[in-house]
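Protein chains in written order, with our numbering: chain E, 68 to 749; chain H, 28 to 352.
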């Protein structure tokens, strides 16, 4: 018997907890907490504690598959890789490089995202590379980049525990980022004021000092209302505004119209509560804002984020410990995938493709010419495929058939493609449509790094061998690139790739495997090998120089309830599952807790529609309908229903609206109009 | 022996020295019907044997031989342990001796002390932290090194059992806690303070306190997964809580675990340290070991539906799922 403990990083949310995988005879048997880890401190959530269970699932993909006569059949690696490279070459010749799209993955390592980005740009010659950050924090990246110059969490996770005031909005922190939620609870016990602004009750709203419940989609209004109160009562930080920011006059003029009475009529938040919360936030010595999908997944997502940035700058809560604007990233490496430039408009380290200097730098590093036009985003790729403009899609570790809005449309679009390549660890709903399926390796089977939500680069270490013929994703990407004639894809190991990333990416300049394996905590920007990393951004000056206030007016959501579809549907995750459930639905304890989906309905609405708890109903929107069991609960306000989007058999995204935010192209997953009807029989 | 033997003798024996020889002698005597006083100058019986790895000639593990005898001697109704005590003087004659024994000050009442070791978890200045005493065996019960004690009284405040004869205690060496202390962010003194606080609350306050604490639970099953003495096949915590419910049914979910491990809990404290919500789980186990559930939670498991209802009603909010209206 051989056994081992391998320190690695959790594959679920963006907290970035490290834990030990216990390996016995080449099999990962359990997860043990690591008490010296900076984020987890030996604490873990239900998903992390049982993360070993899906690794050795019998359903794991073990060999490449090629579609022959309409059926996916086993094939050798050579056959599959030749099929992929020939297919991509053919489409590039027949149409153009821009007829090919690539979806990278927030589940894969930084190195793999970098390679995917390089494959798209240097080898295929298109900027059509994107990943699921488009569906979660695209508006954060756009909004905070406009306001501060850098679109990431400004402070670090451990600081949360000592904040004096915490404003949480659109984030179910305890359920979705349990180890950050844990620190919020600690802060509360140490005397912090906790303000939760959310249409839906969450475990933290039960502990909150102030719980405000605005109507979904009215975030700009209540944030403007906050600022209105703060300016009117003189609670703003005039010195900070004068020295560090610009555009304050316009903002003051705009928010003057959002008095608490107007806010109350638009959002339904009582004026007295709003004033009390604004005073608590502005009056605290250090106030942190935590937010997530509830702010970003709107057709006004970028506006929402800019408003949050306004609020923080107005009170000078930025660039100091225990303060800042803190978007909580939903996936283990969604921050890293963005940093690595798996986005259609930027290279790694957010260097714009439209910038000739940046492009020249990458052309020199890679020794080839690069496309100049920014590429298509996730939803745009689907639309282009449906319109017959995109002919091939290479999907690594994503499941757009379940995660994207309006999935019936996605399904149709993917069927129209000439070539769909899916590289994944399970035969996902998307992989079932593919022409070629390449078996990849999960987090426990490869070396690499993840970047967590507070910009810290964390090591992922190989504990076990991939099943069957499956290979580490970075090796597959190198093979594909070499077959397409790409030079410079002969890396010995992932440390080589990280060295290249550090060479071309200023903010990762000082990050190396040597330093990480020494146990250093490195948060970017870390420009050189002597830099200790940066825990708090925008300390002396903003990345863009002066912080910019944006005067924002409220815009209503793209779809509002009417007679035919009288209820607002909002979607989200639950404590017990993760995203499309590819991993978590193969973990028995999680399935015991939550075997399938449900629609949360307020008791008043249930009474009105005469629905019983647990009854099967049909939920319908303009785009589709699903059959699902009800859950009657006061957790959702009257007029709003909630469906978790993990479950393929009752997929919330069959209903959601793919209306896009104009700046960041993020779809409005949080608000759409639906109706609920009893099912006659059954 | 003279003919008056029967009138003069008492049926008790003093054994001096609580090593393996003394323990075996005491057990044999006690089993024969004698009342035995076992005198030992150190704070605990056991002597040199536990410091040995193997024994001659069979290479048996010495603790494997000694441990059952220690327990038996400790629990035998006919043996009274006089630990941390010295022999002073002896009078009388064979069959009827009278012995003076000097008991050294322990500052804790061994009858009351549960060995919870909370008093050792309070912060002690580094200067006075003892690492090891030569040849001294430290098991279960607590003693104080008077030379090092700074009389700060923190340990007395931490004590669950409110030792009446505890004027001041400190500078306590406890091997188990040493292993856990060096990590800076672990809230080391928490349990002690928390338990003390709970004991000072009224019944109603206790109910509110536990409802608040348990409402923070994230249902990660970490307290179960990390526990060294929890056997999943014997007690399925999943069966004690409604699936998908968050926070889980209070207090049954937590009490099921606490009662199940109460008698075998090793006080390692990992349940509390691994809890993402920082629930005082160790304190919970310690408390239910010594106190009635009714005193602790105003709740008797399995007895009163009405009380259960009351607890559920006072629970701040049922977040994940609710009973149908």
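We put the CB at the ideal spot given by N, CA and C, even for glycine.
Neighbour list for residue i in chain H, Cβ cutoff strictly below 8 angstroms
{"i": "residue 642 (chain E)", "result": "245, 246, 273 and 347"}
Within 7 angstroms, strictly: CB atoms of residue i and residue j
{"i": "residue 460 (chain E)", "j": "residue 496 (chain E)", "result": "no"}
{"i": "residue 380 (chain E)", "j": "residue 216 (chain E)", "result": "no"}
{"i": "residue 664 (chain E)", "j": "residue 711 (chain E)", "result": "yes"}
{"i": "residue 247 (chain E)", "j": "residue 253 (chain E)", "result": "no"}
{"i": "residue 304 (chain E)", "j": "residue 78 (chain E)", "result": "no"}
{"i": "residue 616 (chain E)", "j": "residue 315 (chain E)", "result": "yes"}
{"i": "residue 303 (chain H)", "j": "residue 320 (chain E)", "result": "no"}
{"i": "residue 659 (chain E)", "j": "residue 265 (chain H)", "result": "yes"}
{"i": "residue 302 (chain E)", "j": "residue 344 (chain E)", "result": "no"}
{"i": "residue 367 (chain E)", "j": "residue 334 (chain E)", "result": "no"}
{"i": "residue 288 (chain H)", "j": "residue 256 (chain H)", "result": "yes"}
{"i": "residue 314 (chain H)", "j": "residue 250 (chain H)", "result": "no"}
{"i": "residue 502 (chain E)", "j": "residue 134 (chain E)", "result": "yes"}
{"i": "residue 151 (chain E)", "j": "residue 528 (chain E)", "result": "no"}
{"i": "residue 494 (chain E)", "j": "residue 154 (chain E)", "result": "no"}
{"i": "residue 112 (chain H)", "j": "residue 66 (chain H)", "result": "yes"}
{"i": "residue 63 (chain H)", "j": "residue 69 (chain H)", "result": "no"}
{"i": "residue 702 (chain E)", "j": "residue 268 (chain E)", "result": "yes"}
Chain-ordered neighbours of residue i on chain E, where CB pairs are closer than 9 angstroms
{"i": "residue 259 (chain H)", "result": "The premise fails here: residue 259 (chain H) is roughly 11 angstroms from chain E at the closest Cβ pair, so nothing lies under 9 angstroms."}
{"i": "residue 242 (chain H)", "result": "270, 273 and 274"}
{"i": "residue 227 (chain H)", "result": "Those within 9 angstroms of residue 227 (chain H) in chain E number zero; the least Cβ separation is about 18 angstroms."}
{"i": "residue 305 (chain H)", "result": "110, 249, 252, 253 and 256"}
{"i": "residue 265 (chain H)", "result": "656, 659 and 660"}
Closer than 7 angstroms at the beta carbon, the chain H residues around residue i
{"i": "residue 109 (chain E)", "result": "300 and 301"}
{"i": "residue 587 (chain E)", "result": "The premise fails here: residue 587 (chain E) is roughly 17 angstroms from chain H at the closest Cβ pair, so nothing lies under 7 angstroms."}
{"i": "residue 645 (chain E)", "result": "None at all; the shortest Cβ gap to chain H is about 14 angstroms."}
Counterpart residues of residue i in DSSP-defined beta bridges
{"i": "residue 357 (chain E)", "result": "E:235 and E:393"}
{"i": "residue 138 (chain E)", "result": "E:135"}
{"i": "residue 57 (chain E)", "result": "Outside the modelled stretch of chain E, which goes from 68 to 749, sits residue 57 (chain E), for which no answer is possible."}
{"i": "residue 382 (chain E)", "result": "The partner list for residue 382 (chain E) (beta bridge, DSSP) is empty, contrary to what the question assumes."}
{"i": "residue 523 (chain E)", "result": "E:590"}
{"i": "residue 233 (chain H)", "result": "Per DSSP, none; premise fails for residue 233 (chain H)."}
{"i": "residue 331 (chain E)", "result": "For residue 331 (chain E), which the question treats as bridged, DSSP gives no partner whatsoever."}
{"i": "residue 515 (chain E)", "result": "E:527"}
{"i": "residue 113 (chain H)", "result": "H:129"}
{"i": "residue 742 (chain E)", "result": "E:687"}
{"i": "residue 463 (chain E)", "result": "E:490"}
Contacts of residue i in chain E (Cβ-Cβ under 7 angstroms)
{"i": "residue 252 (chain H)", "result": "116"}
Within chain H, the residues that residue i reaches when beta carbons sit closer than 9 angstroms
{"i": "residue 113 (chain E)", "result": "245, 246, 247, 248 and 249"}
Closer than 8 angstroms at the beta carbon, the chain E residues around residue i
{"i": "residue 318 (chain H)", "result": "Within 8 angstroms Cβ-Cβ: nothing; residue 318 (chain H) doesn't reach chain E, min ~24 angstroms."}
{"i": "residue 270 (chain H)", "result": "659, 660, 661 and 662"}
Checklist line | At least three beta-carbon pairs within less than 8 angstroms, the stretch 732-749 of chain E to the stretch 33-52 of chain H | finding: With a cut-off of 8 angstroms, the stretch 33-52 of chain H and the stretch 732-749 of chain E do not count as touching, because too few Cβ pairs lie within range.
Notebook entry, point to check: Below 8 angstroms, can you find three or more Cβ-Cβ pairs linking the stretch 113-132 of chain E to the stretch 532-543 of chain E?
Noted result: The stretch 113-132 of chain E and the stretch 532-543 of chain E touch, with no fewer than 3 CB-CB distances between them shorter than 8 angstroms.
Check: Do the stretch 367-380 of chain E and the stretch 288-306 of chain E touch if we need at least three Cβ pairs shorter than 8 angstroms?
Finding: Enough Cβ pairs lie closer than 8 angstroms, so yes.
Next item on the list: Could you run through the stretch 653-672 of chain E and flag, in chain order, every residue whose CB is less than 8 angstroms away from some CB of chain H?
Entry: The residues in question are 656, 659, 660, 661, 662 and 670.
Margin query: Measuring CB atoms only, is the stretch 674-694 of chain E touching the stretch 715-731 of chain E, in the sense that at least three cross pairs come out at less than 8 angstroms?
Written below: Result yes; three or more Cβ-Cβ pairs closer than 8 angstroms.
Notebook entry, point to check: If you pair each beta-carbon of the stretch 346-361 of chain E with each one of the stretch 225-234 of chain E, do three or more pairs fall below 8 angstroms?
Noted result: The stretch 346-361 of chain E vs the stretch 225-234 of chain E: in contact.
Next item on the list: Report yes or no: do the stretch 263-283 of chain H and the stretch 239-253 of chain H share at least 3 C-beta pairs separated by less than 8 angstroms?
Entry: Enough Cβ pairs lie closer than 8 angstroms, so yes.
Next item on the list: Specify whether the stretch 192-208 of chain E and the stretch 440-448 of chain E touch according to this definition: at least 3 beta carbon pairs, one from each stretch, less than 8 angstroms apart.
Entry: Yes, since at least three Cβ pairs between the stretch 192-208 of chain E and the stretch 440-448 of chain E fall closer than 8 angstroms, the two stretches touch.
Margin query: Under 9 angstroms, CB to CB, which of the residues in the stretch 234-264 of chain E have a partner in chain H?
Written below: For chain H, the residues of the stretch 234-264 of chain E that bring a beta carbon within less than 9 angstroms of one of its beta carbons are 241, 242, 245, 246, 248, 249, 252, 253 and 256, in chain order.
Notebook entry, point to check: Would you say the stretch 396-415 of chain E touches the stretch 566-573 of chain E, given that touching needs at least three Cβ pairs under 8 angstroms?
Noted result: The stretch 396-415 of chain E vs the stretch 566-573 of chain E: in contact.
Item checked: Proximal residues, the stretch 80-112 of chain E versus chain H, C-beta separation under 7 angstroms -> Residues of the stretch 80-112 of chain E whose Cβ lies closer than 7 angstroms to any Cβ of chain H, in chain order: 100, 102, 103, 108, 109, 110, 111 and 112.
Next item on the list: Would you check if the stretch 625-636 of chain E and the stretch 231-238 of chain E touch, i.e. whether three or more CB-CB distances between them fall below 8 angstroms?
Entry: No, the stretch 231-238 of chain E is not in contact with the stretch 625-636 of chain E.
Margin query: Between the stretch 115-125 of chain E and the stretch 92-100 of chain E, can you find at least three pairs of beta-carbon atoms closer than 8 angstroms?
Written below: With three or more CB-CB distances shorter than 8 angstroms, the stretch 92-100 of chain E counts as touching the stretch 115-125 of chain E.
Notebook entry, point to check: How do the stretch 84-92 of chain E and the stretch 470-480 of chain E stand: do at least 3 beta-carbon pairs fall below 8 angstroms, yes or no?
Noted result: These segments do not touch.
Notebook entry, point to check: Using 8 angstroms as the threshold, is the stretch 515-528 of chain E in touch with the stretch 160-169 of chain E, meaning 3 or more CB pairs across them?
Noted result: Contact between the stretch 515-528 of chain E and the stretch 160-169 of chain E is absent, with fewer than three C-beta pairs closer than 8 angstroms.
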